[in-house]
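See structure below.
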Amino acid sequence: MINETFLNHLKPVELEFIQAFIYKLTSDKITLDTTNSENIESTVSRCPHCGSFHFVKNGFNKKHRQKYLCRDCGKIFSDTTNTIFSHTRSHYHTWTTFIACELNQMTLEQEVVATGKSKTTCFHMRHKLYAAIGAHIRNTLLKGIVKMDSTFTGINLKGMKAKNMPRISKVRGKSKTDTNRKHKRGINSHKVCIVTAIDEWDTVLLEIAGNGAESTEKYQKYVERFDKDCTIVSDGKQAILEFASNNQFQKDTIRPKPNQKNYTSRNGNSLGEVNQLHQEFKQMIKHYHGVSIRHLQHYLDWLVFRKQMKYQIRAEARKTKAYMLAMKGSVSFVTKDICSFELPINVLTLYQN
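In structure tokens, the structure reads:
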């Protein structure tokens with residue numbers, strides 16, 4: 001078996017020979033017609049719709065892939081159902097090129113040039129990729145020293161049709177001193193609260209908790225993501241302190257003093273990493289000229305994933321690693337559903353007046 005222990009015992013010339021052989025094998029194996037389904041296990045263990053083990057073979061599709069019929073829910077599926085490769089005609093090279101573009105934060109216009117696909121196709125591929133990665137990054141617990149805080153952003157209804165708008169469209173280009181416009185300053189119900197937490201192993205929680213100011217209830221939504229023995233580092237906000245006390249977490253509070261330059265706790269912990277993540281989030285919003293509240297969580301998941309990849313994976317291996325993780329992720333929607341995702345907050349109640 002070829003593993004790290006075996007390779008460490010080889011001489012440099014033997015390693016170079018194996019590298020050349022693998023490169024030739026890769027060039028012969030991967031062609032322009034390589035399909036994504038060739039990288040997925042050809043055997044199916046359960047129904048992706050209901051989880052039943054009671055299914056039978058049901059012919060082949062146009063691409064000669066085996067189809068199955070579930071005896072319990074009656075739905076037909078294949079090995080690519082509920083994956084990013086479901087209902088897609090893009091080949092392996094297209095997906096890897098697209099993932100490389102996303103890792104480098106390219107815009108849709110730049111991805112169109114790189115992949116040769118339409119802008120609409122790239123938009124759909126983006127959200128399938130983000131959804132698959134999002135399902136992967138939420139499986140890790142926050143352990144040890146966990147630094148917590150929240151950030152806020154405005155409610156963006158980008159892409160929503162005029163007939164579905166819960167409020168009158170805003171007038172662009174007006175002065176802030178215009179008496180006909182009402183501006184809500186500070187943290188209010190028209191702001192989206194995003195809960196942030198980072199542990200000492202760079203595991204990140206970045207989730208939309210609701211609208212309005214932070215509260216204990218907003219933090220309590222994600223209590224299952226925290227290890228029972230973790231220590232919460234915060235800046236003394238009452239909501240976080242109550243969250244830690246209610247769940248019997250240890251607390252390490254930062255209490256600023258007059259003329260203090262470095263804001264650290266008694267144990268030397270700070271919120272530097274959290275503040276840096278908030279800054280990266282604001283830069284992402286600016287880079288994409290605003291992100292719709294409907295799709296914001298997907299962008300947050302991708303931001304977290306890119307940050308973890310930067311810490312853990314070398315640059316030349318990130319594209320392949322991202323592809324491998326994405327193809328294992330679950331995508332429970334089809335293309336036509338992307339523009340009709342459920343909103344994370346109730347904007348109809350918010351704008352009823």
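Residue numbering for the sequence shown follows UniProt numbering, starting at 1 and increasing by one per position. We put the CB at the ideal spot given by N, CA and C, even for glycine.
query                                                                                                        : result
contact_flag[the region 110-122, the region 247-256] where n(CB pairs < 8 Å) is 3 or more                    : no
Alpha-carbon to alpha-carbon, residue 190 and residue 155                                                    : 6 Å
Residue interval of the alpha helix (DSSP H) (run including residue 224)                                     : Careful: residue 224 lies outside any alpha helix (DSSP H) and carries neither H nor E.
Classification of residue 2 by the beta-carbon crowding that lies within 10 angstroms, buried from 16 upward : exposed
C-beta contact flag for residue 151 and residue 278 at 8 Å                                                   : yes
Rounded separation between residue 91 and residue 98 - CA only                                               : 11 Å
Where the beta strand (DSSP E) containing residue 122 begins and where it ends                               : Here residue 122 belongs to no beta strand (DSSP E); instead the alpha helix (DSSP H) covers 119-137.
C-alpha gap between residue 273 and residue 197, whole angstroms                                             : 9 Å
Contact belief for residue 331 with residue 139 at Cβ below 8 Å, rounded distance in angstroms               : Incorrect: roughly 16 Å between the Cβ atoms, too far for contact.
Distance CB(residue 147)-CB(residue 267) smaller than 8 Å                                                    : no
DSSP-derived helix/strand/coil call for residue 329                                                          : coil
Unbroken beta strand (DSSP E) run spanning residue 196, endpoints                                            : 191-199
Between the CA atoms of residue 213 and residue 53 - distance to the nearest angstrom                        : 46 Å
Cβ contact check for the region 124-142 and the region 320-331: 3 or more pairs under 8 Å                    : yes
Supposed contact pair residue 158 and residue 292 - C-beta distance, whole angstroms, cut 8 Å                : 4 Å
Simplified DSSP assignment, three categories, for residue 73                                                 : coil
Bridge partner(s) assigned by DSSP for residue 206                                                           : 196
Which of helix, strand or coil DSSP assigns to residue 272                                                   : helix
CA nearest to the CA of residue 58, picked from 51, 67, 50                                                   : 67
C-alpha distance - residue 103 paired with residue 304, whole-angstrom precision                             : 12 Å
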